[in-house]
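Residue numbers (mature numbering (1 follows the signal peptide of the UniProt record, and there is no 0)): -19 to -1, 1 to 506. Every residue, glycine too, gets a C-beta built ideally from N, C-alpha and C. Every value quoted in this text rests on a predicted model; they were computed, and no experiment measured them. Structure first, commentary second.
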Amino acid sequence: MGSLLFLLGVLQLLAAARAAYKQWIPNTNFETASNWDKERVPCASDVIHFEKNKVLSVFVGSPHTVTEMFLPLNGELLLAPGAGFAAFDGSWDSGCGSGAVLRFADAEQRSWFDPALWKDVSPAGGREPARRIFSVDEERVPCQYDDVIFQPETSFRVNLDSSQPVIRLRSISLMGQELSSAEAWAEYLGGPSAPRQFHGNGTLQVTGARCPHSSGCACGNTQDGHRICASLLGAAGCPALPCQSPLRPLGHCCGVCGAVVTLDFTPDFDLQKYQDRVVQSWLSLPKYEGVQMAISKVHSAQTFLGLLPRGSVPVIQIVLVDGGAGEQAGTAAQQLATDLVGDIAQHGAALGISSSRMEVATGSTLGGQAGGRAARRIAAGTVLGLLSGLLVLGGILFLYRKGKLRPCPLHLHRLWDQAEDAASPEPASDKGFDNPMFDVVSGLCLGIRGAWGRGGAQGSVLGVFCWGCCFPSPSFAFPSPAAAGTAGIWLGGGGAAGAGSPGPADVLPQPPVRPQRDRDLTARP
């Protein structure tokens, strides 16, 4: 029995280690000075205004005396034990002078997807150490397997506007009570406080499920990435960076100086174990004192020729940044990335890593060039391939518009037809008949005229390169097979060149005759 309890305790600790707890920072408490336009808590001689049309839930933690208070049409005051309000009649000194009109701040725009309104905490509720590990911006708000905490004895108002059908969570804690099942959450939503605490078009869904993969799970906030960046950056935009060609990690709003290492993994990969390995073996070293790391599973988009999307694949992304300035920006992160890639080359199979890739952006021109060399080679090859294809298509279109390219049939040698006759005899009864007017043969011809001699006679020669299709007419014929070249290329013509002969660059019109199996094809005059 004791062994079973010990095992359960170990499993709980492992689950807690992999769980992420995010705590909502702002509140709508009456005693919070920042919730009032005068940046102070109302005193006895003040007049208190709550906006009439604002929906509010306000927690009151202590007794207050007020001169006058205007309440909203749709709101609630949550009173702690011993809390309440009394009227001030002016018979005693309130200690705050003649008083003023205090208005409660607007909490409508506090968005669920604002990273500045969340912080990572430990399961016990304390602040999670952030010396070595940080999160990309999309993971700074609750992910689909995270636990969300609203502090006990606080009220709040959260805007849930989202591009996702539902916002999934593992659990949510309100007023000191953890709700980790769909049933418990549905019961809370049916109460009077939920509509005053959550608003917007989004819907929270509590699943109670943890990430089932040892390799980790993607956060799931990609659809709301634009909301996250808009809330985080506002109108200011991304800051200027000292490095050459800053990197843009997946899930991050702005570029960074440092390194991004991307890992392809096998089912044996354990994200938490590998993170611990990096922290203990490298980040704890004095030379990497200022380096921070973000590591998580992300979905990397795949494209065909860099243009056509073809889905995405899960990869492990490691983002390394340091506090270097000027030419030193990103250099320590680059060195750590190099160490990690070298370690993976030796021990990757044992760690469950099949391959790795590294990108670097530093303040040093040489470092930035070395880090981006492979990416530039790939980009240059893609661009050259596309340009080559466009040139070929443009050349074909030009020749077609100039009349140098035309449809023509593609005839095979008569001997091939005879071989086909021997191999495949005609059936005894034919339920169809040949159309004597048309036949369909593949071919698109490019003609080149030159001169040739046969028995001293000068004649014209036409080299034809065929592809495509056309409908030959029985009124005309190709030159005889004796004058034909291989399939798809034939030579024709005869007689002395003279007046009326086609010019050197002309395409000679040779409308084909429907091939017959019992005679040679001859050119008609």
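Alpha carbon to alpha carbon, how far is residue i from residue j?
{"i": "residue 120", "j": "residue 68", "result": "47 Å"}
{"i": "residue 183", "j": "residue 155", "result": "19 Å"}
{"i": "residue 80", "j": "residue 64", "result": "22 Å"}
{"i": "residue 172", "j": "residue 212", "result": "30 Å"}
{"i": "residue 203", "j": "residue 232", "result": "7 Å"}
{"i": "residue 192", "j": "residue 127", "result": "9 Å"}
{"i": "residue 179", "j": "residue 164", "result": "18 Å"}
{"i": "residue 70", "j": "residue 54", "result": "26 Å"}
{"i": "residue 216", "j": "residue 97", "result": "15 Å"}
{"i": "residue 26", "j": "residue 87", "result": "23 Å"}
{"i": "residue 251", "j": "residue 308", "result": "35 Å"}
{"i": "residue 255", "j": "residue 319", "result": "16 Å"}
{"i": "residue 365", "j": "residue 374", "result": "14 Å"}
{"i": "residue 95", "j": "residue 4", "result": "12 Å"}
{"i": "residue 324", "j": "residue 302", "result": "19 Å"}
{"i": "residue 132", "j": "residue 317", "result": "38 Å"}
{"i": "residue 261", "j": "residue 267", "result": "12 Å"}
{"i": "residue 38", "j": "residue 62", "result": "17 Å"}
{"i": "residue 45", "j": "residue 77", "result": "14 Å"}
{"i": "residue 52", "j": "residue 158", "result": "28 Å"}
{"i": "residue 153", "j": "residue 169", "result": "11 Å"}
{"i": "residue 429", "j": "residue 383", "result": "With a pLDDT of 42 at residue 429, under the threshold of 50, the modelled position of that residue is not reliable, and no figure is offered here."}
{"i": "residue 103", "j": "residue 49", "result": "42 Å"}
{"i": "residue 194", "j": "residue 369", "result": "44 Å"}
{"i": "residue 222", "j": "residue 380", "result": "50 Å"}
{"i": "residue 253", "j": "residue 66", "result": "51 Å"}
{"i": "residue 371", "j": "residue 378", "result": "10 Å"}
{"i": "residue 367", "j": "residue 147", "result": "41 Å"}
{"i": "residue 30", "j": "residue 247", "result": "60 Å"}
Do residue i and residue j have their C-beta atoms within less than 8 Å of each other?
{"i": "residue 125", "j": "residue 149", "result": "yes"}
{"i": "residue 507", "j": "residue 337", "result": "Residue 507 falls outside the range modelled here, since the chain spans only -19 to 506, and no answer is possible."}
{"i": "residue 342", "j": "residue 227", "result": "yes"}
{"i": "residue 296", "j": "residue 249", "result": "no"}
{"i": "residue 206", "j": "residue 162", "result": "no"}
{"i": "residue 137", "j": "residue 8", "result": "yes"}
{"i": "residue 122", "j": "residue 166", "result": "no"}
{"i": "residue 298", "j": "residue 277", "result": "yes"}
{"i": "residue 130", "j": "residue 269", "result": "no"}
{"i": "residue 83", "j": "residue 35", "result": "no"}
{"i": "residue 10", "j": "residue 85", "result": "no"}
{"i": "residue 24", "j": "residue 72", "result": "no"}
{"i": "residue 224", "j": "residue 330", "result": "no"}
{"i": "residue 259", "j": "residue 332", "result": "no"}
{"i": "residue 160", "j": "residue 187", "result": "yes"}
{"i": "residue 327", "j": "residue 240", "result": "no"}
Among the candidates the options, whose CA atom is the shortest distance from the CA of residue i?
{"i": "residue 145", "options": "95, 308, 315 and 201", "result": "201"}
{"i": "residue 294", "options": "308, 300 and 279", "result": "279"}
{"i": "residue 40", "options": "209, 59 and 30", "result": "59"}
{"i": "residue 283", "options": "277, 292 and 275", "result": "292"}
{"i": "residue 42", "options": "134, 185 and 324", "result": "134"}
{"i": "residue 143", "options": "113, 195 and 185", "result": "185"}
{"i": "residue 237", "options": "272, 247, 257 and 253", "result": "272"}
{"i": "residue 100", "options": "6, 199 and 290", "result": "6"}
{"i": "residue 176", "options": "89, 194, 214 and 113", "result": "89"}
{"i": "residue 199", "options": "281, 379, 47 and 102", "result": "281"}
{"i": "residue 113", "options": "214, 14 and 257", "result": "257"}
Which whole-angstrom value is the C-beta distance of residue i and residue j, which I expect to be below 8 Å?
{"i": "residue 117", "j": "residue 230", "result": "6 Å"}
{"i": "residue 235", "j": "residue 209", "result": "That belief does not hold up - the Cβ atoms of residue 235 and residue 209 are roughly 12 Å apart, past 8 Å."}
{"i": "residue 12", "j": "residue 22", "result": "6 Å"}
{"i": "residue 141", "j": "residue 181", "result": "4 Å"}
{"i": "residue 300", "j": "residue 274", "result": "7 Å"}
{"i": "residue 174", "j": "residue 57", "result": "7 Å"}
{"i": "residue 344", "j": "residue 305", "result": "7 Å"}
Quick check: is the beta carbon of residue i nearer than 8 Å to any beta carbon in chain E?
{"i": "residue 35", "result": "The structure shown contains no chain E; it is built from a single protein chain."}
Q: Any chance you could list the alpha helix (DSSP H) runs of at least 4 consecutive residues sitting entirely within the stretch 143 to 217, in chain order?
A: 163 to 170, 175 to 178 and 206 to 214
Q. Counting only runs that start and end within the stretch 251 to 335, where is the alpha helix (DSSP H) found for 4 or more residues in a row?
A. 252 to 259 and 312 to 332
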